[in-house]
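Residue numbers (the working numbering), protein chains in the order written: chain E, 1 to 380; chain U, 1001 to 1606.
C-beta: ideal position from N, C-alpha, C; glycine also.
Treat the numbers as computed from the prediction; the structure is a model and nothing was measured.
Down below is the structure, laid out as structure tokens.
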Amino acid sequence: MGPRERGQPYWVSAYPGIPANLPPAREYWLVFRYEQQGIPDPEIAPRVADAVADLRLSAQRQQLKIAGIQLDIDCPTARLHDYARLIHSLREHLPREYQISITALLDWFREGTAVGEVIREADEFAPQFYDGGGRYGGESVIASKVDGARWGPIFNRFGKRFRVGISTFGRVHNDARYYFGDLSLLDVGSNPVFQVQAARSETNELVLRYRAVRKTKVGYVDYEPGTGFEFVLATPESVSGAVEAVRHMGGQCAGVLFFRWPAAFESLTMLPEEVLQSAGIGSLAAGKSQLLAVDGHCATVSCRDLYLESAHPLAPTVLHGRVRVSAELDYVLPEPKLQTRMSGPSQIDFTVPAYCGRGLLFIARAVTLKPAEYALEDLR
Amino acid sequence: MIGKRFLRVAAGALLVLGCLSACGWDDTLREYLDARFWQPFAKWAESFSRPNVKRISVPYAGMTAAQNDSPLQRARTAYQQFSGTDEQLKAAREAVAAAGADSSLGVKDREELSLVDAKVEMRAGEPGDREQLGRAKSKLQAFLRGARDPAFASEARGWLARVNYLMGDQAAAGKIYLDELNRTGSNLSRDTLLNSLHIVYGYDGGPQLRAQLDQYFDTPDHAAFAIEVATNPHWDRYDRQMGAARETPALYPRIRELLDGHRALLNSGILALLAMRTALRAGDPAWAGSIASEVPSDAPERSDPDFNWMAGAAAYLSHDYAAAEVPLLALFRSPKASRNQKAAAAYGLCGVYWKTGNVTERIRYALWLHTLDRKEQLGLSYAGQIDDYTVYWNCSGWDLGMLLDAEAPIETMQEFVEANPKLEDIRLVQYAVAVRLSREDRYDEAASIYREIHAVVRAPRTRRLAALHSEANRQDVTDTERWEAKIRLAQFLSDNEDRIYYNDTLWRGFQRYAFQASGRGDTTHEERDSLAARERQHKDEQEEYWRAHLILRDVVREAGRNAIGRKAAALEVECLRRINTDRFGRSDEIRATDLEISRWLCVAAH
Chain E
1 MGPRERGQPY WVSAYPGIPA NLPPAREYWL VFRYEQQGIP DPEIAPRVAD AVADLRLSAQ
61 RQQLKIAGIQ LDIDCPTARL HDYARLIHSL REHLPREYQI SITALLDWFR EGTAVGEVIR
121 EADEFAPQFY DGGGRYGGES VIASKVDGAR WGPIFNRFGK RFRVGISTFG RVHNDARYYF
181 GDLSLLDVGS NPVFQVQAAR SETNELVLRY RAVRKTKVGY VDYEPGTGFE FVLATPESVS
241 GAVEAVRHMG GQCAGVLFFR WPAAFESLTM LPEEVLQSAG IGSLAAGKSQ LLAVDGHCAT
301 VSCRDLYLES AHPLAPTVLH GRVRVSAELD YVLPEPKLQT RMSGPSQIDF TVPAYCGRGL
361 LFIARAVTLK PAEYALEDLR
Chain U
1001 MIGKRFLRVA AGALLVLGCL SACGWDDTLR EYLDARFWQP FAKWAESFSR PNVKRISVPY
1061 AGMTAAQNDS PLQRARTAYQ QFSGTDEQLK AAREAVAAAG ADSSLGVKDR EELSLVDAKV
1121 EMRAGEPGDR EQLGRAKSKL QAFLRGARDP AFASEARGWL ARVNYLMGDQ AAAGKIYLDE
1181 LNRTGSNLSR DTLLNSLHIV YGYDGGPQLR AQLDQYFDTP DHAAFAIEVA TNPHWDRYDR
1241 QMGAARETPA LYPRIRELLD GHRALLNSGI LALLAMRTAL RAGDPAWAGS IASEVPSDAP
1301 ERSDPDFNWM AGAAAYLSHD YAAAEVPLLA LFRSPKASRN QKAAAAYGLC GVYWKTGNVT
1361 ERIRYALWLH TLDRKEQLGL SYAGQIDDYT VYWNCSGWDL GMLLDAEAPI ETMQEFVEAN
1421 PKLEDIRLVQ YAVAVRLSRE DRYDEAASIY REIHAVVRAP RTRRLAALHS EANRQDVTDT
1481 ERWEAKIRLA QFLSDNEDRI YYNDTLWRGF QRYAFQASGR GDTTHEERDS LAARERQHKD
1541 EQEEYWRAHL ILRDVVREAG RNAIGRKAAA LEVECLRRIN TDRFGRSDEI RATDLEISRW
1601 LCVAAH
């Protein structure tokens, strides 16, 4: 959603309708995010309702249970009264069975605000313990400390269901505080010109500072000695600490809401499995790295794209891996950043630089003349 | 079949490049090496529409224009004015009730009123409102049990399908639409039904179709529709998060089970086609090939475009390339085949001949595809999702480009021209022969061809080059005279970058992106090495500055440190520095040579 100006749409969908391949879940929420400061025009309510109607039909076709919509609007604290009215108006336009959830900034909960009015109009709220100073505010860290003993009573006094928003994503910026959307840890970590220093924030996020020791290039940009990047990353400890604190909130607390689901091949956001494992949920093969050999769809040879899902995504040391192949390799097309090489007729070696193991790492395309099996022999 | 694999049409690029090409930006090459190219043809609702179905077109119930003021007319008006408010609903219901009490209504009027009544209830229901929609459904079903008027009955079936759809019952809705599509006397237009089927099923029917497959095995048409749509091919990029949900591996064994269990329902030909399709989608070409081989040689399915495509695909994917030729040729020549299916066959044949080494036939089918694209501008008709178009159109033209510019021996091309002088676009091959002859320094022959095909710019230029080359290679002159002639030859080459050895009819300005033999990983090691070597040779042969450098290098070596040597060296450095190494490669070698000659020039100057 955005402020409507002449000729501009009310919102832009992240997806054209409901994505066809959602992961299985008991229920789904349709999220509408307002990208601007302030709150949207009240006239947006019927427009949102139209969009919801389309999505509802699409969900029915896919047999998905939609619980309701979640509004992700960083409303200024002073305008909460208007926000409450907007939610009220929206409800009149939505299907009766749809609930309304809202994300909530921590600042709203200080004394003397109209947060109560807003929460009264909603079915649940999700106080977000991240980006307390704004999304790209002055501080590098992302997560805010979750103090269950302090926040539990505050949230519970509204008598409404709430889930606590916990960050599982990361960010990277350079010295000019330019934030990159497409820079991976491997882009920097595999460049020997950069030296890294690691530190932990109060909430146990990992802060990695990379400094160039001589002039180098990343993408098309030159970096002088002494300049570099700062990565901030959620960690299993930052997630488990937050989840543990939420457990002490009790009352109306219905759980946590992890933000966010990683895009394909994203390297700064925790994979869902890692998040669940950190939260003490799920029956994962803990501590075991996985090799994914994805069909490359070659018609006349057998080709597989090999990916690593590391059990040590933030290992502070270099990890060496080896893939064993059940047939003789014809050749491999290696990923240079992992120094991949064919170290034997049926063997591929690679190296994961320190801290660079998060996400799905492409190792190589392996080509054999006959179909073959691939196994990760070790990673240490 | 597969999709236009890496077709990347960018609107902006299209605007810029519109004058250069019929297609948008397309960087595909040797797509037959991608298994997805060989998937079965995609099926849409149109694929199931029979030709020449006679339909009627009469106004729907309640939609006739007002003629008099009667209770029925008031009911019609109330229905027409109903846009969803509670007040209008109340008014429409009351008007229908009032008209129903009119004892003067005839049978047909009463039938119309009954259908209007059901339609009012339907329009009062929102998607998912099972109670209200259920009321409408009951009324429509009751109406259909007693309907006599075929137009009203047809309309009612259409609305019943819609109600089923709004209630989330895809199978019930889709089967009605499908039946109506091919029903003689239907009052629903073909377009309406195709649109409805598209809305209900989208591209592949989604999870609901996969879950309800068995419900379609009540008629052969329903079963074939369901299996074909559910097995529509996809062009999926790997996505770790979505990987598990993307395709249901259990789908194909289940379809196989259903087909086995309903042998009595489907005739053996249809059964074979569905089983082949399923086998190919399941990644089991050997199974598909085995089914194809069991179809009797005189069976009508043997002439079915789908059969021949799938038989060819099964053979190719089983690495029996020669065996793929016969069914693909049959498809290409079939009068039943559509333009797109012929295009698929032609490109598939290019793949067969690439593997079997039949260059002549590769030229034939690559050229046919070029002509098709030139005439019909296939790339410009591309729009929407990749899945919407599952035929590869060879828009880049790179396969033909590589073939004529580097892969085909000159003699084979010459023989092809001789054997096919009247073939459309044969000039392209003739022009390519001339360019290739130029690269071999056979300028007289090249110039003759250029003149013959009225290449009015290249012909005189090449003639001039022939003279220069002849001068530079005379043995009856002094060394100095020969070196001077060589320098003039090199200077001429250097003044004509991209105008002698580069084939400007083939690449639409994007040749550099076609050099990707080492980047794809879809060939054998030997093929890859061979492609890489050929690409290197091709780059060397067609770069005028590089060719000039080689001539001048010899002059410098032979002449030594004198005025001619220095002149040649100076020009050589100039040529080397003008080479675009991003495109050409050899950057280290060129830099080193530049340094070496520059140093030599410094020393020579003193």
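Quiz item: Looking at the structure shown, is A1532 (chain U) part of a helix, part of a strand, or coil, going by DSSP?
Solution: Residue 1532 (chain U) sits at position 532 when you count from the first residue of the second sequence. Helix, per DSSP.
Quiz item: Counting only beta-carbon atoms, is T300 (chain E) nearer than 8 Å to chain U?
Solution: Position 300 of the first sequence holds residue 300 (chain E). So yes, T300 (chain E) belongs to the interface.
Quiz item: Taking the C-alpha atoms as reference points, what is the distance between A364 (chain E) and E373 (chain E)?
Solution: In the first sequence, counting from the first residue as 1, residue 364 (chain E) sits at position 364. In the first sequence, counting from the first residue as 1, residue 373 (chain E) sits at position 373. Between A364 (chain E) and E373 (chain E), the C-alpha separation is close to 15 Å.
Quiz item: Hey, out of U:R1277, U:R1461 and U:A1075, whose CA is closest to K1090 (chain U)'s CA?
Solution: Along the second sequence, read from residue 1 onward, the residue named residue 1090 (chain U) stands at position 90. Of the candidates U:R1277, U:R1461 and U:A1075, the one whose C-alpha sits nearest the C-alpha of K1090 (chain U) is U:A1075.
Quiz item: How is the beta strand (DSSP E) around D305 (chain E) delimited, first residue to last?
Solution: Numbered from its first residue, the first sequence carries residue 305 (chain E) at position 305. Looking at the DSSP string, the run of the beta strand (DSSP E) that includes D305 (chain E) is S302 to E309.
Quiz prompt | 9 Å Cβ cut-off: residues of chain U touching R260 (chain E) | solution = Counted from its first residue, the first sequence places residue 260 (chain E) at position 260. Chain U residues near R260 (chain E): none, gap ~12 Å exceeds 9 Å.
Practice problem: Could you tell me whether any Cβ in chain E is nearer than 8 Å to the Cβ of A1035 (chain U)? | Solution: As a working mapping, residue 1035 (chain U) is identified with position 35 in the second sequence. For A1035 (chain U), the answer is yes, since a Cβ of chain E falls inside 8 Å of its Cβ.
Exercise. Step through the CB atoms of chain E and report whether any lies within less than 8 Å of the CB of A1245 (chain U).
Key: As a first step, residue 1245 (chain U) must be located in the second sequence, where it is residue number 245. Reliability of the predicted coordinates at A1245 (chain U) is poor, the pLDDT of 40 falling under 50, and the value obtained from them is presented with this limitation in mind. Chain E, which has a Cβ nearer than 8 Å to the Cβ of A1245 (chain U), makes this yes.
Exercise. Please list, in chain order, all residues of the same chain as F1416 (chain U) whose beta carbon is under 7 Å from its beta carbon, the five residues on each side excluded.
Key: For the purposes of this step, residue 1416 (chain U) is identified with residue 416 of the second sequence, where counting begins at 1. Only T1360, I1363 and V1429 meet the Cβ criterion.
Quiz item: Can we say the stretch 1148-1166 of chain U touches the stretch 1201-1219 of chain U, given the rule of at least three CB pairs closer than 8 Å?
Solution: Contact between the stretch 1148-1166 of chain U and the stretch 1201-1219 of chain U is absent, because fewer than three Cβ pairs lie under 8 Å.
Practice problem: Give me whichever residues DSSP pairs with P127 (chain E) in a beta bridge. | Solution: Counted from its first residue, the first sequence places residue 127 (chain E) at position 127. Paired residue(s): E:A104.
Quiz item: Would the beta-carbon of L276 (chain E) fall within 8 Å of that of E309 (chain E)?
Solution: Indexing the first sequence from 1 puts residue 276 (chain E) at position 276. Indexing the first sequence from 1 puts residue 309 (chain E) at position 309. Taking 8 Å as the cut-off, the beta carbon of L276 (chain E) is found no closer than this to the beta carbon of E309 (chain E).
Exercise. From the DSSP output, in three-state form, read off P1296 (chain U) for me.
Key: Here residue 1296 (chain U) refers to the residue found at position 296 when the second sequence is read from its first residue. Note: P1296 (chain U) maps to coil in three-state DSSP.
Practice problem: Return the Cβ separation of S346 (chain E) and R322 (chain E) in integer angstroms, given the expectation that the two are a contact with Cβ distance under 8 Å. | Solution: For the purposes of this step, residue 346 (chain E) is taken as the residue at position 346 of the first sequence. For the purposes of this step, residue 322 (chain E) is taken as the residue at position 322 of the first sequence. S346 (chain E) to R322 (chain E), Cβ: 11 Å. No contact.
Quiz item: Counting Cβ pairs closer than 8 Å, one from the stretch 200-211 of chain E and one from the stretch 233-245 of chain E, do we hit at least three?
Solution: yes
Exercise. Quickly, what does DSSP pair Q347 (chain E) with across the bridge? List them, please.
Key: In the first sequence, residue 347 (chain E) corresponds to position 347, counting from 1. In DSSP, Q347 (chain E) forms a bridge with E:R324 and E:G344.
Quiz item: Taking L64 (chain E) as the reference, which of E:D182, E:P23, E:R96 and E:R91 has the closest Cα?
Solution: In the first sequence, the residue the question calls residue 64 (chain E) occupies position 64. For L64 (chain E), the nearest C-alpha among the options comes from E:P23.
Quiz item: So, is the C-beta of P9 (chain E) closer than 8 Å to a C-beta in chain U?
Solution: Against the first sequence, residue 9 (chain E) aligns to sequence position 9. Residue placement at P9 (chain E) is flagged as unreliable, the pLDDT there being 43, under the threshold of 50; a coordinate-derived value is accordingly withheld.
Quiz item: Looking at the C-beta of H426 (chain E), does it have a partner C-beta in chain U at a distance below 8 Å?
Solution: The shown model of chain E, from 1 to 380, leaves out residue 426 (chain E), and the question about it has no answer.
Quiz item: So, does the CB of L1331 (chain U) fall closer than 8 Å to a CB anywhere in chain E?
Solution: For the purposes of this step, residue 1331 (chain U) is taken as the residue at position 331 of the second sequence. No, no contact with chain E.
Quiz item: What residues match up with D378 (chain E) in a beta bridge as DSSP calls it?
Solution: One-based indexing of the first sequence puts residue 378 (chain E) at position 378. For D378 (chain E), which the question treats as bridged, DSSP gives the partners E:R322.
Quiz item: If we cut at 8 Å on Cβ distances, does Y331 (chain E) have a partner in chain U?
Solution: Position 331 of the first sequence, counted from the first residue, corresponds to residue 331 (chain E). Interface residue, yes.
Quiz item: Residues in its own chain within less than 7 Å of V1433 (chain U) by CB, not counting five upstream and five downstream?
Solution: Walking along the second sequence from the start, residue 1433 (chain U) turns up at place 433. Contacts found: I1410, M1413, Q1414, V1417 and I1449.
Quiz item: Where A1172 (chain U) and F1225 (chain U) are concerned, what is the direct C-alpha to C-alpha distance, given to the nearest angstrom?
Solution: Residue numbering aside, residue 1172 (chain U) sits at position 172 when the second sequence is read from its first letter. Residue numbering aside, residue 1225 (chain U) sits at position 225 when the second sequence is read from its first letter. Computed Cα separation, rounded: 13 Å.
Practice problem: Kindly indicate which three-state DSSP category P353 (chain E) falls into: helix, strand or coil? | Solution: Here the question's residue 353 (chain E) lines up with position 353 in the first sequence. It is coil, neither helix nor strand.
Exercise. Find out if the Cβ-Cβ distance for the pair P127 (chain E), L106 (chain E) is shorter than 8 Å.
Key: As a working mapping, residue 127 (chain E) is identified with position 127 in the first sequence. As a working mapping, residue 106 (chain E) is identified with position 106 in the first sequence. Cβ atoms of P127 (chain E) and L106 (chain E): closer than 8 Å.
Quiz item: In chain order, what residues of the same chain have a beta carbon less than 6 Å from the beta carbon of K288 (chain E), not counting five sequence neighbours either side?
Solution: Working through the first sequence from its first residue, we reach residue 288 (chain E) at position 288. Excluding positions up to five away in sequence, the list reads A311.
Quiz prompt | Inter-stretch contact at 8 Å, needing at least 3 Cβ pairs: the stretch 1179-1188 of chain U / the stretch 1041-1058 of chain U | solution = yes
Quiz item: Grouping DSSP H, G and I as helix and E and B as strand, with all else coil, what is K1342 (chain U)?
Solution: Here residue 1342 (chain U) is taken as the residue at index 342 of the second sequence, counted from 1. Residue state, collapsed to three classes: helix.
Quiz item: Hey, which unbroken runs of the alpha helix (DSSP H) at 4 residues or more fall wholly within the stretch 33-104 of chain E?
Solution: 44-61 and 80-93
Exercise. Please check if any C-beta of chain E sits within less than 8 Å of the C-beta of Y1316 (chain U).
Key: The residue given as residue 1316 (chain U) occupies position 316 in the second sequence. Yes, its Cβ sits closer than 8 Å to a Cβ of chain E.
Self-check item: Within chain U, partners of C303 (chain E) - CB distance below 7 Å
Solution: Here residue 303 (chain E) refers to the residue found at position 303 when the first sequence is read from its first residue. The answer, in chain order, is G1521 and D1522.
Exercise. Please decide whether Q128 (chain E) counts as near chain U, where near means a Cβ-Cβ distance under 8 Å.
Key: The residue you call residue 128 (chain E) lines up with position 128 of the first sequence. Not a single C-beta of chain U is nearer than 8 Å to the C-beta of Q128 (chain E).
Practice problem: Kindly indicate which residue of U:R1534, U:A1569, U:S1297 and U:A1514 has the alpha-carbon position closest to the one of L1552 (chain U). | Solution: Here residue 1552 (chain U) corresponds to residue number 552 of the second sequence, with the count starting at 1. Residue U:A1569 is the option with its Cα nearest to L1552 (chain U).
Quiz item: Taking all protein chains shown into account, do 16 or more other C-beta atoms lie within 10 angstroms of the C-beta of L183 (chain E), making it buried, or fewer, making it exposed?
Solution: Along the first sequence, one-based indexing puts residue 183 (chain E) at 183. Per the 10 Å Cβ criterion, buried.
Practice problem: Starting from P1127 (chain U), find everything on chain E with Cβ-Cβ shorter than 7 Å and list it in chain order. | Solution: Residue 1127 (chain U) sits at position 127 when you count from the first residue of the second sequence. Going along chain E in sequence order, the residues near P1127 (chain U) (Cβ under 7 Å) are R56, L57 and Q60.
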